[in-house]
Amino acid sequence: MKALLNLLRSMRFAIAILTVVAVAATTGSVLEQSQPAVVYVSRYGEFWATFFRLCGLTDVYHVWWFFVLLAFMASSTALCLWQNIPSMLRDMRAYRENKSLASLRGLEHHIEFNLGTEKAPQAGLASYLTSQGFKYKHTFIAGGSMLAARTGSARRLGYLLVHGAMVLICVGGLIDGNVFLRLRLWTGDVKVETRDLATDQVPAASKLDATEGSYRASMTIPQGEEAHTALIQMGEGYLQQELPFAVRLKQFRIDHYANGQPKDFASDIEIIDGEQVVPATLQVNHPYTYRGVTLFQSGFADGGSKVKLGMLPSKGSSVQQQIISGTIGHGTPLLIDGEPATLEFTELRAINVFNKDDVGDKNWSSRGKPGDRTRDVGPSIAFRIRDKLGQSDEWLVYQRAVEIDSAKYRLIGRQHAQEDDMRYLRIPTSANGSLAAYTRLINAMGDPQSRARVAKEVAVKVVNVRLASTLEKTSEALMAGFYSKGYRALVDMVQTNGDSEQELKVGQLYLQLLERSASLLLAQDAETTPRFVHDALSAYNDTLEMQLPALFAFESFEQVNATGLQVTHAPGAALVYLGAALLAMGVIAMYFVRERRIWLHTQGGNLLLAFSANRHTPALQTEFDRHTDAIAQLLCGSHVSLIPNRHL
113 MKALLNLLRS MRFAIAILTV VAVAATTGSV LEQSQPAVVY VSRYGEFWAT FFRLCGLTDV
173 YHVWWFFVLL AFMASSTALC LWQNIPSMLR DMRAYRENKS LASLRGLEHH IEFNLGTEKA
233 PQAGLASYLT SQGFKYKHTF IAGGSMLAAR TGSARRLGYL LVHGAMVLIC VGGLIDGNVF
293 LRLRLWTGDV KVETRDLATD QVPAASKLDA TEGSYRASMT IPQGEEAHTA LIQMGEGYLQ
353 QELPFAVRLK QFRIDHYANG QPKDFASDIE IIDGEQVVPA TLQVNHPYTY RGVTLFQSGF
413 ADGGSKVKLG MLPSKGSSVQ QQIISGTIGH GTPLLIDGEP ATLEFTELRA INVFNKDDVG
473 DKNWSSRGKP GDRTRDVGPS IAFRIRDKLG QSDEWLVYQR AVEIDSAKYR LIGRQHAQED
533 DMRYLRIPTS ANGSLAAYTR LINAMGDPQS RARVAKEVAV KVVNVRLAST LEKTSEALMA
593 GFYSKGYRAL VDMVQTNGDS EQELKVGQLY LQLLERSASL LLAQDAETTP RFVHDALSAY
653 NDTLEMQLPA LFAFESFEQV NATGLQVTHA PGAALVYLGA ALLAMGVIAM YFVRERRIWL
713 HTQGGNLLLA FSANRHTPAL QTEFDRHTDA IAQLLCGSHV SLIPNRHL
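Written out as structure tokens, the structure is:
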């Protein structure tokens, strides 16, 4: 036991522990903490991700060995304080009045005055020391009178403050690290649970009492609702933390820039503590503390918005046209081609800001920043369709028609489970954003009677009967083939004879004839243009290539916002803040307070002046000369002839 105590209070051990703690803290600052395992695997590879996890480097400040280091560091520093405080306090109060004359003459800064037969005015010397901020003690030693003075004893207090601050910071870190909760986790008394994807809740078995130590948790509250628990993320799982009060979200407010990007957001909340209701407003960088629990505004989310999605049949699909109502975060049963599926609404975005230069690109991205080069393209809804085997496709549908190169399109994005990027379908619309013209075109092209009628109109002005008959049959075949296979039908109809140039010309003629026939199908629509027809045919061809089971139109939504709050309870924070303040005060005392001592010994007609300080600085000689000159003038005032004898 004695050997252990000697080890803990040794300076080498304290320095070693401090070095390891510094390295660990640096690692925790450089390596992002408490991220899912997949993040470390993607960034550093599987080997290093496993190594970081086994060593606890992904959660440095809560790993067991870091707590052990803090405990050893606090114990070592506390033992050093316990051992050295008495001697330091004695030294701070000591005047060292018993110092021998030989040791005083051995100091670098000393001087002796020969006063002849006169005696030094002790009262005048004492008054001078007091005026210079020195405290002194008068005693008799070596056959003479000694004035021993000191100032700057607070420098020693700096050492005590620095070491005491380190102890407080370590203890505060141990408290806020929630060591007892970690022990319960290690022993299996508390188990981390994963979020239930179906209900988006954490099992109640993992709930922690409101009085259990420190925590940093998050909570999401929909507008008009209240919550009294928050989630603590523990690796890949969660714990539920009871709060000593409930929080109700009255209103969530968000301000936008002129281009639609979020500018600022705030939450008007009510803290319900029994019968007491405390109103508060949370903003970014403006937290609110109640009963030791601090609430931070950290973000916002969807609180269960109501949405309506129109479902239209696609080529070859047996789905029925219908309106699907749902809630963000929940699923709706669906039948696609007679097979059961689930449509899961995942995200509603009321504002989508895009760079104007990128709007025509299918690789859409929300890279817009406030400025003239960005615009809001309107609301969008994201959802996934999950089949009975559990595989799902991601979908993204925009509510409003988006203008691209002076034309308007409805955008529908789909990403297969095996694909890395989302592909977008651009369906042309009329000026009012309606899909009616596109729908009429595709329906007419699928109607044999409409195809026959239009084929006759195409050939009606041809005088040559044989050529007219051929043109009529070709037009009808092109429309029927395109409705079945898309542009692939035109490729199949071109006879391959090895002459690629001739095949290209024939293919272009077929395309022109198809577009002419499609224009006649929409002859009653005054708004249709050749570009509209071309874009409509391209969109229909894309639906066949993308094998869309249905087309979706975002009809309407009723947005419900939810606020995202960070909840912290850190009883050890007060100790850490106090330790930081004491550490700053101690460093200031150690480096800016100079300890100085003066000895004045008179014996007969001789006066010995000695001066010392804790640090030798260039200003030390100047200060000694100033004291020497001042005391010499004081002695000369008694009309005594002085002969100095310096030993410097």
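Residues 113 to 760, numbered by this note's numbering, are exactly what the sequence shown covers, in order. All residues carry an ideal CB built from backbone N, CA and C; glycine is no exception.
Alpha carbon to alpha carbon, how far is residue i from residue j?
i      : j      : result
ILE197 : ARG155 : 50 Å
SER596 : ASP449 : 18 Å
THR311 : THR444 : With a pLDDT of 44 at THR311, under the threshold of 50, the modelled position of that residue is not reliable, and the figure given next carries that caveat. Near 14 Å, if we compare the C-alpha coordinates of THR444 and THR311.
LEU259 : TRP711 : 6 Å
TYR536 : LEU143 : 37 Å
PHE252 : LEU227 : 19 Å
MET202 : ASN718 : The question names Met, but residue 202 is Arg in the sequence shown. Approximately 31 Å, taken between the alpha carbons.
LYS568 : ASP367 : 59 Å
GLU209 : LEU293 : 56 Å
TYR327 : ILE344 : 7 Å
ASN673 : GLN561 : 51 Å
SER212 : ALA254 : 8 Å
GLU627 : LEU663 : 23 Å
LEU634 : ALA580 : 22 Å
PRO334 : LEU394 : 15 Å
ARG709 : THR734 : 15 Å
GLU337 : TYR369 : 28 Å
VAL688 : GLY289 : 12 Å
LEU446 : PHE164 : 44 Å
ALA685 : GLY284 : 6 Å
LEU695 : LEU216 : 35 Å
GLY558 : MET534 : 29 Å
MET185 : ILE129 : 6 Å
PRO233 : THR714 : 10 Å
VAL180 : ALA358 : 36 Å
VAL279 : PRO148 : 33 Å
Count the other CB atoms, across all protein chains shown, that sit within 10 Å of the CB of residue i; report buried if there are 16 or more and exposed otherwise.
i      : result
GLY435 : Correcting the residue type first, residue 435 is Ile in the shown sequence and not Gly. Classification for ILE435: exposed.
PHE246 : buried
LYS617 : exposed
CYS282 : buried
VAL679 : buried
PHE408 : buried
ASP741 : exposed
GLY218 : exposed
HIS398 : exposed
ASP604 : exposed
ALA543 : exposed
ALA329 : buried
PHE704 : exposed
ALA556 : buried
ALA648 : buried
GLU158 : exposed
ALA115 : exposed
For residue i versus residue j, is the C-beta spacing smaller than 7 Å?
i      : j      : result
LEU286 : LEU351 : no
LYS362 : GLU387 : no
VAL645 : SER631 : yes
ALA378 : ARG365 : yes
ALA651 : ILE516 : no
SER492 : ARG498 : no
LEU583 : VAL574 : yes
ALA693 : HIS222 : no
SER265 : MET204 : yes
THR541 : ALA564 : no
VAL172 : ALA214 : no
MET697 : LEU117 : no
SER587 : VAL606 : no
THR640 : ALA549 : yes
ARG706 : ALA731 : no
LYS418 : GLU667 : no
THR189 : HIS275 : yes
LEU746 : GLY236 : yes
So residue i packs on residue j, CB below 8 Å; how close in whole Å?
i      : j      : result
LEU241 : LEU191 : In fact, because the Cβ distance is near 38 Å, the residues do not count as touching under 8 Å.
ALA413 : THR341 : About 17 Å separates the two Cβ atoms, so there is no contact after all.
LEU169 : THR131 : Between THR131 and LEU169 the Cβ distance is about 17 Å, and since that is not below 8 Å, they are no contact.
LEU455 : GLY441 : Not really, about 13 Å apart at Cβ, beyond 8 Å.
MET702 : ARG267 : 6 Å
For the stretch 198-280, which segments carrying the beta strand (DSSP E) assignment without a break, of at least 3 residues, lie completely within its bounds, in sequence order? Qualifying beta strand (DSSP E) stretches, in chain order: 221-226, 247-253, 256-263.
Threshold first: 4 residues or longer. Then list the alpha helix (DSSP H) segments lying entirely within the stretch 619-682, N to C. Taken in chain order, the whole alpha helix (DSSP H) runs of length 4 or more contained in the stretch 619-682 are 642-658.
Beta strand (DSSP E) runs wholly inside the stretch 483-511, at least 3 long, in chain order: If only complete runs of 3 or more residues are kept, the stretch 483-511 shows the beta strand (DSSP E) at 486-488, 492-499, 504-510, in order along the chain.
Length-filtered (3 minimum) beta strand (DSSP E) runs lying within the stretch 404-462: The beta strand (DSSP E) runs lying completely inside the stretch 404-462 and spanning 3 residues or more are 405-414, 418-425, 434-439, 443-448, 451-461, given in chain order.
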